[in-house]
Each structure stands twice: as C-alpha cells, then as structure tokens.
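In UniProt numbering, the protein residues as written are 1 to 412.
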C-alpha cells in the first residue's frame, strides 16, 4: 500500500498518525483482487506510543526494519512523520518483497517469519475486519502466524516479542564463582606415576644431557614398542554433529567389551631416517629383541651412522637382559642410560600417536589382525619424515622442561 500521513493532536508521550492508504498488488503472487476492497480506499488512525513501539522503519529512510530497536525506532518514526508533514509521501507497501528480489513464480510456500513492518501491516488489515486467510495470502505467511499475532495483540495490545528466558542454566552458583576467577572443569592430564626416586633419577639424567649438541641428538636412534588393538579406545574420537543427531548411525562408534586382539610393534626414529616397523609375534623376549631387532636393524644403522651412534631404549626386561648387554658390547653399540617411568622424554611416543591417528583416518577400519598389521605397516611408511625430524629436534626442549619441574611430569 502507499499512503500519506500527518500529525494528530495527541498528548505528550504519544504520536498519532492518520494514514490514508490504497492497495498495491503484486501480480506475480496470489493476492486479493481489487473488487474485494470494494474499490474504496482504506483509512485508519494508528496510535503509537514509545512504550509499545519497539521496531519500525520506512523505505524512504532505507532503515533495516529488523534491526532498528528501542528509542531509535521512535526517532525513525518521528523522522518519517516530519517527511509526511513536509509533503513527502510515506511508502507503506503491502508487498513484503522488494522489486529487485528474485523469486520463483512457482514458489507459493508461505513464510514462517515476520518483520516488524509485516506485523504492523497484519494488525492494520485485521482491524479493517479482513479475514485471516486473506491477510495471510497478501503477506505470503502462514495463517497460523496471523492468528497468533492477532490473538496476542488483542490480549496484550503489543506486537513485540515477549522476553525470552534463554537456555536453562546448567551451572551451580559455586561453579559460577569458580568461573569468575578463571577456573573451569577440564579432563586431567595423564602422567606417569613418579615416586621421589624417579624424580631424582630423571633430574640427574636431564642434567647429564643438558649440554648435548644437535649433532649428538641427530645421531641417536629412539626406539620403543607399542601394542595396538583391533578395537582401540574411542574416548579420543570426536564427531561434528547438529542438535538432535546424537543417535544417527554416522555419529556413533561401536563399543566392544573385549579388546578384540592386538599386535606388538617395534620401531625406531632418528633425524633423517626411520627403521622399518617390525611386527612381533607374541611377546617381546631377549631372544626376539636380539634376533629380530638388534642384529638385522640396529647393527645396520650403527654401521651407517658410524662414530657417535647411540641407541635409546627403555628399561624393559628384554632390553636389559645379559645376552642383550653382551651383544651390544661385542658390536660396539653405545646405549643411552634411561631413567625409569619416562615416556614423556622419549620422542617416539608422539610417532605412535601419529600412527594411530593415520590408521583411524583410513576409509575402512581394519576388521582382522592381518588387516591391522597391513594398515600399520603402510601408514608407518607414509608418515612424513619432517614430522619425525621435528620430534628428534624437540629433545633439548624436553630436557629443559624436565629440569624446570625438577624431574616431575612434563607437558610432553
């Protein structure tokens, strides 16, 4: 509709505008034909007070009808009324779409949302005794929306949204006080069980290697074993989902009561190279360690690197057996002293994390032990050497962190 407004004599605190309007029809959408208006112009008086008006705007001022709020809305209305008083028409178009908007002519689906301008139009037409279905067709909204808005206006004399309480509170007052001082609930970091003698040994080891050079660290082979299960722990898995998709099959992981079988692997990393991933049948023993690890792999690395080669392994019983000690001495392989309960000081532990993540990201998770073995061997060879080199070069920082905490657990 297009109309002309001017002032009425109203007491302070309220504004009254008499709007003389005439219908404007959009031929591209269903609307009332002109004869249903009886060929007459619709005239009504609208009383607007600052307590009831929350959002308003006009096309003349290019205001966003959905974003003008509170006192600025009243200012917009006053500006428009001044324009009317000065002889400028205030446009009031019943067509909710701009001429520049592109819409499918076959799209007759009603909208489910209302701007404040649409609400004013609905109340204006309903007070002219128009049927709800006709008003809904003109504004292209569902009839139920017109019905609810009209009923709310009759009960409260307001078309503004009711205040919303928001999401129910989940925290207690005590938790809120903790949040105020910067404390939040977090999963605790898992650390080795360190006794006083463990901390002392770790601190002594860190002081002994504090002045190691980059060349010494890059000539060290860091080795370890890891056992991988067919059905690993799923606590670290995260999924991105919408509300209500919790039970969707693609958003769930299977929980197995049993471990499903496992394989023991051994490997070593050093700067610029890595050992093959070795699958151990059964458990690691001194004989297996000597025959399957030291002889075919470690000895070859020691010969290739030459002087300054150092083997790092932990204090597991197979590693410290007398037969293993004798083999290392006979072949001139230097071994690094290693403090007990110190997985955070061994950089290969992060390489195992890389490997597990790579296996989990495969399109098809291994279902058998053989599939798990093949997947692990393939993904180990595909790990970027740059990532493994970065782990080796992190050793000086690990040493400094261990010294800083006096042999206690580190962030690694």
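Ideal Cβ placement from N, Cα and C applies to all residues, glycine included.
- Of the other Cβ atoms in all chains shown, 16 or more fall within 10 Å of the Cβ of residue 124; this residue is therefore buried.
- Selection 266, 246, 164 evaluated against residue 292 yields 266 as nearest (Cα-Cα).
- The Cβ neighbour count for residue 251, taken over all protein chains shown within 10 Å, is under 16; the residue is labelled exposed.
- Of all alpha-carbon atoms in 170, 128, 166, the one lying nearest the alpha-carbon of residue 150 is that of 128.
- Here the alpha carbons of residue 180 and residue 274 stand approximately 49 Å from one another.
- Put simply, the stretch 277-292 does not touch the stretch 382-402. Fewer than three CB pairs are less than 8 Å apart.
- The stretch 204-218 makes contact with the stretch 398-411, as at least three CB pairs between them are under 8 Å.
- In its chain, beyond the 5 residues on either side, 339, 340, 407 have a beta carbon closer than 8 Å to the beta carbon of residue 201.
- For residue 267, the enclosing beta strand (DSSP E) stretches over residues 262-270.
- Contact annotation: residue 304 and residue 334 have beta-carbon atoms that are not nearer than 9 Å.
- In the structure shown, the three-state DSSP call for residue 337 is coil.
- When the five nearest sequence neighbours on each side are left out, the beta carbons in the same chain lying within less than 6 Å of the beta carbon of residue 227 are those of 262, 264, in order along the chain.
- Buried is the label assigned to residue 119, since at least 16 other Cβ atoms lie within 10 Å of its Cβ.
- The beta-carbon distance between residue 313 and residue 319, rounded to whole angstroms, is 5 Å. This is short enough to meet the 8 Å contact definition.
- Short of 6 Å from the beta carbon of residue 246, and not among the five residues preceding or following it, lies no beta carbon of its own chain.
- Rounded to whole angstroms, the separation of the alpha carbons of residue 244 and residue 379 is 35 Å.
- Cβ contact annotation for residue 193 (same chain, cutoff 8 Å, sequence separation greater than five): 341, in chain order.
- With fewer than 16 other Cβ atoms from the protein chains shown falling within 10 Å of its own Cβ, residue 240 counts as exposed.
- Here residue 222 is actually not in contact with residue 282; their C-beta atoms are around 24 Å apart, not less than 8 Å.
- Of the residues 163, 344, 377, 156, the one whose Cα lies closest to the Cα of residue 189 is 344.
- Taking the CA atoms as reference points, residue 301 sits about 24 Å from residue 373.
- Excluding the 5 residues flanking it on each side, residue 132 has same chain C-beta neighbours closer than 6 Å at 143, 146, 147, in chain order.
- The three-state reading of DSSP puts residue 367 in coil, since its state is none of H, G, I, E or B.
- Under the three-state reduction of DSSP, residue 159 is assigned to coil, being neither helix nor strand.
- Membership of residue 405 in any beta strand (DSSP E) is not indicated, and neither H nor E is assigned to it by DSSP.
- Residue pairing for residue 120: DSSP places it in no beta bridge.
- The DSSP-derived three-state label of residue 225 is strand.
- In the DSSP secondary-structure assignment, residue 220 is bridged to 310.
- Rounded to the nearest angstrom, the gap between the Cα atoms of residue 271 and residue 350 is 15 Å.
- Taking 8 Å as the upper bound for CB-CB distance, residue 289 and residue 329 are not in contact here, some 15 Å apart.
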